[in-house]
Amino acid sequence: MTREQEGKIIARVLGGDTDAFEALVTEYEKNVYNLALKMTGNTEDAADLSQETFIKAFHSLGCFRGDSKFSVWLYRIVSNVCLDFLRRRSRRQTVSLSMEDEDGEEPQLDIPDERQTPELLLEKRMTREAVRRGLAQLPPEPRQILLLREIQGLSYEEIASVLGIESGTVKSRIFRARKKLCAFLLADGNLPDYISSSKQGGGETP
Amino acid sequence: MSECEKYQELISALLDSELSGAESAALAEHLKVCTGCAAMHQAFSTLSKTLSEGLEAPPAALHENIMAGVRRESVKHANLPRISKPMKNILALAACSAIVIGSVFGLAPMFRASSAAPAEYSAAAGGEARPEARVYSDKAAPADVPAAPEAAAEDAVIDEAPADGGDSLVAAAPSENMASPGRAGLSGEDWEYLQSCLSGEACSLCAAELRDKLLYTLSVDKDGSAYIYLLEETLYYSAPGSEAILRSSLSEEEFLSLLEILDNIG
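Going down the list, the sequences are from chains D and P. Using the working numbering, the first residue of the first sequence is number 1, and each one after it goes up by one. Using the working numbering, the first residue of the second sequence is number 207, and each one after it goes up by one.
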């Protein structure tokens with residue numbers, strides 16, 4: 001959908017044609033849902049938060065001034081809706097769950113296969129499931145910024161406008177988020193040990 | 207940041223296609239000679255690939271649920287009194303420049319109203335806050351804050367900040383028997399609307415935006431993620447605006463360090 005088409009749809013919605021909004025839902029629901037899914041880690045919350053996002057977008061459509069892409073504006077909403085949700089949830093969970101993963105599974109013991117190349121080894125270990133568990137351990141803010149980049153494909157400049165920070169800050173925060181995620185994967189045995197040699201002296205902050 | 211850490215940050219930017227030609231070339235040279243960074247490159251790119259591949263299909267009912275929610279909202283919305291857009295812009299500016307800064311800088315005096323001298327504190331905090339607020343509105347505001355015509359209004363409102371800073375948060379606290387007088391040059395009705403904006407009732411976007419902007423303003427040149435985290439918590443809970451919420455949301459330790467930080471801001 002072009003920006004012009006979107007502009008026309010938005011004008012119709014603002015003029016009172018509620019059903020015109022459906023085209024925007026159709027266009028973006030998959031992306032919105034997937035961001036919420038990766039932020040929350042479960043399908044039910046992701047569906048609820050996607051719905052909340054579109055209702056908020058509809059409600060605030062008058063605030064959209066068209067100086068950014070509609071998608072960027074929408075991702076800001078879903079991103080904040082998820083962040084608020086995670087903050088509320090973390091307030092409710094006072095007991096630390098850090099020693100076991102969400103499903104209560106035993107940590108897997110992966111025995112490295114030395115015959116494989118490092119690249120293959122990495123891909124084998126860094127499964128979607130392992131990354132999902134790693135993401136769940138990442139605090140909401142780094143998770144948010146990393147997913148805006150990886151799922152929504154926003155540029156640093158767009159992320160900067162979504163979060164109200166400078167793009168230089170976006171660069172360092174995304175880097176720190178990736179590093180932290182790698183540290184979790186390493187701790188879970190989902191990264192080969194040789195990665196860890198490059199992490200020493202990094203002075204990673206919590 | 208060590209030499210390798212700098213290169214690792216470049217690796218991350220490279221994967222996001224945010225690197226200049228010169229930076230890419232320097233990084234490529236480094237990766238040839240540094241096994242640690244080469245390993246990090248592999249790890250980051252595999253991670254990126256795993257994260258971004260294969261979007262899942264949303265549940266079948268999602269689309270209809272969204273539209274049903276939107277139609278309900280549409281009916282509800284039609285029955286609400288509307289506030290004009292120019293007024294909204296002015297309110298947003300007022301909120302960005304004065305009220306929120308007042309709220310946060312005003313937190314400390316509110317917490318210790320019995321022991322400290324709020325007027326003195328907020329004067330100091332307001333004086334400190336103003337230059338930062340300007341730096342912010344020059345740099346990051348263009349995307350969201352309406353431009354020139356309202357600039358004069360912004361100045362006027364900022365000038366009110368020190369006087370207002372000490373107690374504006376108290377005004378937002380729902381428990382107080384406030385009769386909602388106007389503040390920061392706003393009428394009582396507009397002030398109330400602004401409060402509802404900040405608490406996310408009227409427009410959750412405005413509240414989130416304000417939090418983000420203020421967070422940025424306050425985090426410029428400051429370091430330490432604990433500091434940032436606490437500020438975020440503060441901002442998050444200062445919108446509804448009650449000490450009780452803030453207290454219950456933070457551990458005793460966090461709460462004490464928050465007080466310390468707020469002391470140091472002034």
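Using N, Cα and C, we set each Cβ at its ideal position, and we do this for glycine too.
When secondary structure is reduced to three states using DSSP, P/Cys240 falls in the coil class, being assigned neither helix nor strand. One Cα belongs to D/Ala47, the other to P/Glu235, and the distance between them is close to 46 Å. Interface annotation, D/Lys171: in contact with chain P, CB-CB separation under 8 Å. In this model, D/Asp188 and D/Leu86 are separated by some 23 Å (Cα to Cα). Of D/Leu61, D/Asp84, D/Arg65 and D/Ile10, the smallest CA-CA separation from D/Asp45 is found for D/Asp84.
Of the candidates P/Thr252, P/Ala228 and P/Met246, the residue whose Cα lies closest to the Cα of P/Cys210 is P/Met246.
Closer than 8 Å to the CB of D/Tyr33 there is at least one CB belonging to chain P.
Here the C-alpha atom of P/Ala231 lies approximately 25 Å from the C-alpha atom of D/Glu158. Using a Cβ-Cβ cut-off of 9 Å, P/Gly275 is close to Gln51, Glu52, Phe54, Ile55 and Phe58 of chain D, given in chain order. Put simply, the region 247-256 of chain P does not touch the region 268-281 of chain P. Fewer than three CB pairs are less than 8 Å apart.
Under the DSSP assignment, D/Lys69 falls outside any alpha helix (DSSP H); it carries neither an H nor an E label.
Contact between P/Val276 and D/Ile55 holds, with the beta-carbon distance rounding to 6 Å and staying under 8 Å. For P/Leu253, the closest Cβ of chain D is nearer than 8 Å. Against chain D, the CB of P/Ser218 has a partner CB under 8 Å away; the residue lies at that interface. Taking C-alpha positions only, P/Cys243 is separated from D/Glu29 by approximately 38 Å.
Following the DSSP letters along the chain, one finds D/Met39 inside the alpha helix (DSSP H) bounded by residues Phe21 to Thr40. Close partners of P/His236 in chain D (Cβ separation under 9 Å) are lacking, with about 12 Å as the shortest Cβ gap. At a beta-carbon threshold of 9 Å, none of the residues of chain P lie near D/Arg3; the nearest stands roughly 16 Å away. Here D/Pro142 is near D/Ala177, since their CB atoms are less than 8 Å apart.
By the criterion of a C-beta distance shorter than 6 Å, D/Val81 is surrounded in its chain by Leu49, Glu52 and Thr53, once the five residues flanking it on both sides are discounted. Where D/Asp45 is concerned, the enclosing alpha helix (DSSP H) starts and stops at Thr43 to His59. Closest by C-alpha distance to D/Arg89, out of D/Ser79, D/Thr40 and D/Thr169, is D/Thr40. Taking P/Phe250 as reference, the option from P/Lys212, P/Tyr213 and P/Ile217 with the minimal CA-CA separation is P/Ile217. Rounded to whole angstroms, the Cβ separation of D/Tyr75 and D/Val162 is 6 Å, and the two are in contact under 8 Å. A Cβ of chain D is located within less than 8 Å of the beta carbon of P/Ser258. Taking the Cα of D/Arg149 as reference, the smallest distance to any Cα among D/Lys69, D/Phe175, D/Gly16 and D/Gly66 is reached at D/Phe175. Taking CB atoms only, D/Val78 has no neighbour in chain P less than 8 Å away. When the five nearest sequence neighbours on each side are left out, the beta carbons in the same chain lying within less than 6 Å of the beta carbon of D/Trp73 are those of Phe64, in order along the chain. For D/Arg173, the enclosing alpha helix (DSSP H) begins and ends at Ser167 to Ala187. Contact of D/Thr18 with chain P by beta-carbon distance below 7 Å involves Val276, Arg277 and Ser280. P/Gly227 counts as exposed, since fewer than 16 other C-beta atoms from the protein chains shown sit within 10 angstroms of its C-beta. Around P/Glu262, the beta-carbon contacts reaching into chain D at under 7 Å are Asn34 and Leu37. With respect to the 8 Å criterion, D/Gly134 and D/Leu185 are classified as neighbours on the basis of their beta carbons. Identification of chain P residues near D/Glu150 by a Cβ-Cβ cut-off of 7 Å yields Ser254, Leu257 and Ser258, ordered along the chain.
Counting along the chain, D/Gln137 sits inside the alpha helix (DSSP H) bounded by residues Arg128 to Gln137. At a C-beta separation below 9 Å, D/Lys30 has these neighbours in chain P: Leu261, Glu262, Ala263 and Pro264.
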